[in-house]
Amino acid sequence: MDSKILLDKFAERFGSADAEVFAAPGRINLIGEHTDYNGGFVFPGAVAQGIMAAVKPNGKRWVRAYAMDLDAYCEFDMDDDEGPKTTHFRYIYGVVREMMAKGVKVEGFDTVYAGDVPLGAGMSSSAALESCFAMAMNELFGGSLSRMEMALVGQATEHKYVGVNCGIMDQFISMHGKAGSLVRLDCRSGEFAYFPWHPKGYKLVLVNSCVKHELVGSPYNDRRNSCERVAKLLGVETLRDATWEMLEGVKNQVPAEDYMRAKYVLGEKDRVLAVCDALQEDDYETVGQQMYLTHEGLSKDYEVSCEEIDFLVDEARRCGVTGSRIMGGGFGGCTINLVKDEKYDAFVAEVQVRYKEKFGVECKVIPVVIGEGARRV
Ligand code: GLA
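Counting from 752, one number per residue, gives the positions in the sequence shown under the numbering used here.
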């Protein structure tokens, strides 16, 4: 992304080019899916793609925002309790309101922004948007929020203004990402550790099914509700504290669907730990096997996959890819694939041809580059 294009557009729209530029990334997640709101571990990394915004205070109490990619414009009064109707602009409105609630002396601003995270690909374009504006407001209006506090602002925006009861993974990594490193986050304690990611002989690549994943109004919240019902019955705060024995003990007292959801979460807990061990040994074959198992769980027990994504994972297996699974919240979006260097070219070529043959639409291959977290540019 090029800040010059943004600043030119800003000058064209708002009459001056002296805005400041901020950026925040989308993310990948190696393993640990739907574990964040269950108090478990996740293993994300920031990507090179993200949102970039030119922002300049306007001395008023309103925000004027132009989304370049969508060619959409919105103005809203920061002190209005309702805010804009369009979901897209509600992300910005939510961040403004939550930053104000945290005591940051936010004032009105003008902004032009754009992004290169494919929308609806499960790469957290919305967290990138939230983090970018949280960072901008913190810097421009003398805020002193920590990165974790800004991540929580983004999460609260999803919960209160958009209606997605997401966990903390996406906003956390958009704020804390470091080029070249994945991060293991304990979502219960908030503790995290960077893991340099240089898997010798392997590459990570995403394949975007181009089935638009949309968590707003999706059964994402239902999944979370199922997990919380089971946790409540077990008398634990989150499924992080549940054991297999405990779950089997209530199997006949919970709806079959809730049982399946919890079964997936417990399995994923074990898989994340297995991956952590395997990474200590540079054992990427085990990492890959666990990724396939995660996919099976997400597809059959958590039921957040779809025909197109299952096809992409089957194709990966057929091409000898080391590990493949649906990534992110689900219901479409991308697969994440761990591929041996020597199998890479054949895989990306074949998967594109076969997907087109089967579904009549193109899938998109996105090589993974682990990038930086939110920043002033
Ligand atoms: C979405 C949510 C995250 C997380 C993932 C699934 O990306 O925003 O909090 O729950 O789904 O792992």
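Backbone N, C-alpha and C define an ideal beta-carbon position, used for all residues, glycine too.
Start-to-end residues for the beta strand (DSSP E) that takes in residue i
i       : result
Lys954  : Tyr953 to Asn959
Asn780  : Glu771 to Asn780
Val913  : That residue, Val913, is in no beta strand (DSSP E); it is neither H nor E in DSSP.
Ile1117 : Lys1115 to Pro1118
8 Å Cβ cutoff met for residue i and residue j
i       : j       : result
Leu1017 : Phe794  : no
Ser882  : Gly905  : yes
Val952  : Lys1091 : In the sequence as displayed, the identity of residue 952 is Gly instead of Val. Taking 8 Å as the Cβ cut-off, Gly952 and Lys1091 qualify as a contacting pair.
Glu1108 : Ser960  : no
Tyr864  : Met819  : yes
Tyr1035 : Leu1063 : no
His785  : Tyr1053 : yes
Leu955  : Ile779  : yes
Asp828  : Arg812  : yes
Gly777  : Val798  : yes
Cys938  : Phe792  : yes
Gly801  : Gly1084 : no
Val1119 : Leu936  : no
Glu1032 : Gly783  : no
Ile1077 : Trp948  : no
Ala887  : Ala823  : no
Val846  : Phe884  : yes
Ser925  : Gly1124 : yes
Leu773  : Val814  : Note on residue identity: the sequence assigns Phe, not Leu, to residue 773. Contact: no.
Gly1080 : Leu966  : yes
Ala1067 : Phe1098 : yes
Phe923  : Leu1030 : no
Gly866  : Ala852  : no
Glu1101 : Cys1070 : yes
Asp1061 : Ser1050 : yes
For residue i, the first and last residue of its enclosing alpha helix (DSSP H)
i       : result
Val713  : Outside the displayed span of the chain (752 to 1128) sits residue 713, for which this structure offers no information.
Glu1036 : Tyr1035 to Glu1047
Ser1050 : Unbroken run through Ser1050: none, as it is neither H nor E.
Ala907  : Arg898 to Thr908
Arg991  : Careful: Arg991 lies outside any alpha helix (DSSP H) and carries neither H nor E.
Gln1004 : It is not in any alpha helix (DSSP H) - Gln1004 carries neither H nor E in the DSSP assignment.
Val981  : Tyr971 to Leu985
Lys760  : Ser754 to Phe765
Any non-hydrogen atom of ligand 3 closer than 7 Å to residue i Cβ
i       : result
Tyr1053 : This structure lacks ligand 3; the ligands present are ligand 1.
Lining residues of ligand 1 - beta-carbon closer than 5 Å to any non-hydrogen atom, in sequence order: Glu784, His785, Asp787, Cys917, Gly918, Met920, Asp921, Gly1079 and Gly1080
Segments assigned beta strand (DSSP E), at least 3 residues, entirely inside the region 780-862: Entirely contained in the region 780-862, the beta strand (DSSP E) runs reaching 3 residues are, in chain order, 795-808, 813-818 and 823-828.
Every unbroken beta strand (DSSP E) inside the region 911-943 [3 residues or more]: 932-937
Beta strand (DSSP E) runs contained entirely in the region 1072-1099, provided each spans 3 or more residues: 1074-1077 and 1085-1091
Beta strand (DSSP E) runs wholly inside the region 873-899, at least 3 long, in chain order: Runs found: none.
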